[in-house]
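*Asks:* Those sequence lines, one after another, are chains A and B. Residues in the first sequence are numbered consecutively from 1, following my numbering. Residues in the second sequence are numbered consecutively from 1, following my numbering. Structure below; questions to follow.
Number of protein chains: 2
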Amino acid sequence: MTAARPFADVLQRLRSAGLRPTRQRLALAKLLLENGDRHVTAEQLHSEARQASIPVSLATVYNTLHQFTDAGLLREVVVAPGRSYFDTNTGDHHHFFYEESGRLEDIPGDQVVVGALPAAPSGTTIRRVDVIVRLGERE
Amino acid sequence: MTAARPFADVLQRLRSAGLRPTRQRLALAKLLLENGDRHVTAEQLHSEARQASIPVSLATVYNTLHQFTDAGLLREVVVAPGRSYFDTNTGDHHHFFYEESGRLEDIPGDQVVVGALPAAPSGTTIRRVDVIVRLGERE
DNA sequence: GCTAATTTTAGAACTCCTCTAAAGTATTGA
DNA sequence: TCAATACTTTAGAGGAGTTCTAAAATTAGC
Ligand SMILES: [Mn+2]
Ligand SMILES: [Mn+2]
Ligand SMILES: [Zn+2]
Ligand SMILES: [Zn+2]
């Protein structure tokens, strides 16, 4: 279940999102999408790419993360002021946030159940429900 | 149940938080705590204070909001990158976030029920569970 | 009041992120 | 195959929101 998707698939996913498969987008897509579920910041991905000798600017990392998010390949999770993660798990799930370390992690399976949801106020629809369970060190 | 708390109470609440009741803190506390449930940004509170002829710098507004939060008089809610609200409702409740307007609103009563919560990972405790229901315009 | 501790402040600085416009790359279709 | 065209990348400037600095002002305790 951790099977890496083949290269051809990443290429296909970019194409069907209407994104040209450039050197930078392909490389970033492979880092993101062929390594299981990940929660990365733009800075993290940027330095990871540089370490892998992928020449890419920070602006392109931001552009790419937003394009992938708009295309539904990623989802953005905001946990604290100035701390935005991009999540490769686009399924319906929720998060643990470790306040000390800043780490964000999926809550496995159906361990969170939102039992009742309010009706959307008139004229609106519910786009998404985010549940963040904030953790501290046990006192 | 919208009864404004008397001035003496605000003063008392600052004292018991170990905060000197300065001109600025008293005035900000009154704006925040004597007007029902509110969700304000630092900038909003700052301009509200200036309009009310309370001389106060933006740095002091930030300091005060954080001190009040640490003292348990407020709670901070982050909804989007660079968008942090301070909430005068410190009870257990959840939020609607209107993505178009940027408005944050309490979900009334018990209209959200988090039915099952996961066990905290070992070595940690759950500090808080935030549920944010993100709304868009009905298509 | 006088003194010591705390608070406020303007403005600089910082972090994260977006914009600009020029150079580079991918795609199209003759 | 190769312009012509459209899109993408980039360095660096710019911006929003927030924090820091250190000097002046206020508050508290005697
Ligand atoms: Mn975004
Ligand atoms: Mn804070
Ligand atoms: Zn996730
Ligand atoms: Zn609230």
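No residue lacks a Cβ here, since even glycine has one placed at the ideal position from N, Cα and C.
1) Taking the continuous beta strand (DSSP E) assigned at V113(A), which residues delimit it?
2) Quick one: is the Cβ of D9(B) within less than 7 Å of any heavy atom of ligand 4?
3) So which of G123(A), G18(A), A42(A) has the shortest CA-CA distance to D70(A)?
4) Roughly how many angstroms lie between the CA atoms of A119(A) and L73(A), to the nearest whole one?
5) Mind listing which residues of the region 119 to 136 of chain B have their C-beta closer than 9 Å to chain A's C-betas, in chain order?
6) G136(A) and E105(A) - do their beta-carbons sit closer together than 8 Å?
7) Is N89(B) near ligand 4, going by C-beta to nearest heavy atom under 7 Å?
8) Could you spell out the range, first to last residue, of the beta strand (DSSP E) harbouring S84(B)?
9) What number of angstroms, rounded off, separates the C-alpha of L65(A) from the C-alpha of S84(A)?
10) I want to check one thing, is the minimum distance from the CB of H46(B) to the heavy atoms of ligand 6 below 7 Å?
11) Can you tell me whether D110(A) is helix, strand or coil according to DSSP?
12) Pick helix, strand or coil for E76(A), following the three-state DSSP scheme.
13) To the nearest angstrom, how far is the alpha carbon of A52(B) from that of E34(B)?
14) Of the choices R50(A), G36(A), L14(A), whose alpha-carbon is the least far from that of L26(A)?
15) Examine chain A for any beta-carbon lying closer than 8 Å to the beta-carbon of Q67(B), and answer yes or no.
16) Apart from the five residues on each side of it in sequence, which residues of its chain come closer than 7 Å, Cβ to Cβ, to T88(B)?
17) Using a Cβ-Cβ cut-off of less than 8 Å, list which residues of the region 85 to 100 of chain A approach chain B; keep chain order.
18) What in chain A is Cβ-close to Q111(B), meaning under 9 Å?
19) Below 8 Å on C-beta distance, what does A141(A) contact in chain B?
*Replies:* Judging by the given coordinates:
1) Per DSSP, V113(A) belongs to the beta strand (DSSP E) from 113 to 116.
2) Short note on D9(B): C-beta not closer than 7 Å to any heavy atom of ligand 4.
3) Ranking G123(A), G18(A), A42(A) by Cα distance to D70(A) puts G18(A) first.
4) In this structure, the straight-line span from the alpha carbon of A119(A) to that of L73(A) is close to 28 Å.
5) Going along the region 119 to 136 of chain B in chain order, one finds A119, A120, P121, S122, G123, T124, T125, I126, R127, R128, V129, D130, V131, I132, V133, R134, L135, G136 with a Cβ nearer than 9 Å to chain A.
6) No, the Cβ-Cβ distance between E105(A) and G136(A) is not below 8 Å.
7) Within 7 Å of the C-beta of N89(B) there is at least one heavy atom belonging to ligand 4.
8) Unbroken beta strand (DSSP E) run through S84(B): 83 to 87.
9) Here the alpha carbons of S84(A) and L65(A) stand approximately 11 Å from one another.
10) As for ligand 6, it is missing from this structure, which binds only ligand 1, ligand 2, ligand 3 and ligand 4.
11) Three-state DSSP puts D110(A) in coil, outside helix and strand.
12) DSSP places E76(A) in the strand class (E or B) of the three-state scheme.
13) Taking the straight line joining both Cα atoms gives about 14 Å.
14) For L26(A), the closest of R50(A), G36(A), L14(A) by C-alpha to C-alpha distance is L14(A).
15) So, not an interface residue.
16) In the same chain as T88(B), and ignoring 5 residues on each side of it, the C-beta atoms closer than 7 Å to its own belong to L32, L33, D37, R38, L74, in chain order.
17) Per Cβ criterion, the list reads F96, Y98, E99.
18) Listed along the chain, the chain A residues whose CB falls inside 9 Å of the CB of Q111(B) are A116, L117, P118, A119.
19) Missing from the structure shown is residue 141(A); chain A here goes from 1 to 139 and no further.
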